[in-house]
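In our numbering, the protein residues as written are 2 to 216. Glycine residues also receive a C-beta, built at the ideal position from the N, C-alpha and C atoms. Shown next, in structure tokens, is the structure this report addresses.
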Amino acid sequence: MTYNERAQLSVARYLRRTKHWGIRFARRTHDPSLPPGTPHNLSFDPSLPAFPPIHSPLQLTGYVDAAHANDLCNHRSTTGYAFILNGDAIAYRSKTQTVTATSSTEAEFIAAMSAAKTAKYLCAVLHELSFPQLSPTPIHIDNVSAIQIINARKPTERSRHIDIQAFAIQDWKDNGDILMHHIPGVINPSDSITKPTGWVLHSRHCRRIMGHYYC
Numbered sequence: 002m003t004y005n006e007r008a009q010l011s012v013a014r015y016l017r018r019t020k021h022w023g024i025r026f027a028r029r030t031h032d033p034s035l036p037p038g039t040p041h042n043l044s045f046d047p048s049l050p051a052f053p054p055i056h057s058p059l060q061l062t063g064y065v066d067a068a069h070a071n072d073l074c075n076h077r078s079t080t081g082y083a084f085i086l087n088g089d090a091i092a093y094r095s096k097t098q099t100v101t102a103t104s105s106t107e108a109e110f111i112a113a114m115s116a117a118k119t120a121k122y123l124c125a126v127l128h129e130l131s132f133p134q135l136s137p138t139p140i141h142i143d144n145v146s147a148i149q150i151i152n153a154r155k156p157t158e159r160s161r162h163i164d165i166q167a168f169a170i171q172d173w174k175d176n177g178d179i180l181m182h183h184i185p186g187v188i189n190p191s192d193s194i195t196k197p198t199g200w201v202l203h204s205r206h207c208r209r210i211m212g213h214y215y216c
């Protein structure tokens with residue numbers, strides 16, 4: 002069996018094992034007119050770090066990650082992010098970055114900028130739909146140094162070479178559009194969007210994005 006054939010078989014097995022998975026959006030009240038679903042709520046593993054609380058189901062919440070230099074052809078990094086509303090993803094993306102990051106911190110900073118742009122767009126859409134976001138959009142990232150650069154309000158020795166356009170995220174943070182939070186990588190659901198992960202991590206992250214957890 003060739004490598005491609007084994008890969009195709011793995012995809013088929015994955016689809017068969019996860020055919021019962023589906024996205025689940027929360028409702029404030031029960032609607033008997035809707036067809037009954039098949040709930041697969043999961044309880045969060047208490048041995049893991051506590052997952053950041055979401056204070057309102059209508060609060061847009063983002064998770065972002067980057068895989069540094071994982072493109073073997075040109076050594077560029079991969080950005081991955083997901084935005085959750087009502088318990089499930091309404092926007093997600095995985096994309097190779099257009100510039101070569103010289104460190105994991107730079108890759109995470111570029112990824113955070115991409116996620117922040119999407120957050121501003123989604124907030125504009127929600128405003129048009131009469132669901133305005135009344136507080137800064139929290140964006141969770143597992144790189145403390147990237148958060149420090151965003152909070153520094155000026156280029157640092159680690160970031161002076163980065164395109165100045167990327168520093169718009171500092172203005173958005175100061176204007177109250179976004180708010181960066183640290184999240185341990187082991188519970189960061191966007192981790193599975195940027196790189197291959199084992200079954201345990203993949204299941205945990207994907208099902209978090211799909212709204213399968215109680216908390």
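Query	Result
Three-state secondary structure (DSSP) of K20	coil
Among I170, T19 and P137, the one whose alpha carbon lies nearest that of A147	I170
Those residues which DSSP pairs with L86 across a bridge	D89
Cβ neighbours of I194 in the same chain (closer than 6 Å, five flanking residues each side left out)	G81 and S95
Cα-Cα separation between A92 and Y4, rounded to whole angstroms	32 Å
3-residue-minimum beta strand (DSSP E) runs that sit fully inside the stretch 120-196, ordered along the chain	138-142 and 179-183
Terminal residues of the alpha helix (DSSP H) in which V65 lies	No alpha helix (DSSP H) contains V65, which is instead part of the beta strand (DSSP E) from T62 to A68.
Endpoints, the alpha helix (DSSP H) within which C74 is located	Here C74 belongs to no alpha helix (DSSP H), and DSSP marks it neither H nor E.
Contact check, I163 vs V65, beta carbons under 9 Å	no
Beta-bridge pairing of T79 - partner residues as DSSP gives them	A68 and T97
C-beta contact flag for E109 and A67 at 9 Å	yes
Between the CA atoms of P58 and P33 - distance to the nearest angstrom	21 Å
Cβ-based neighbour list, D192, same chain, cut-off 8 Å, excluding 5 preceding and 5 following	D66, G81, D143, G186, T198, L202 and H206
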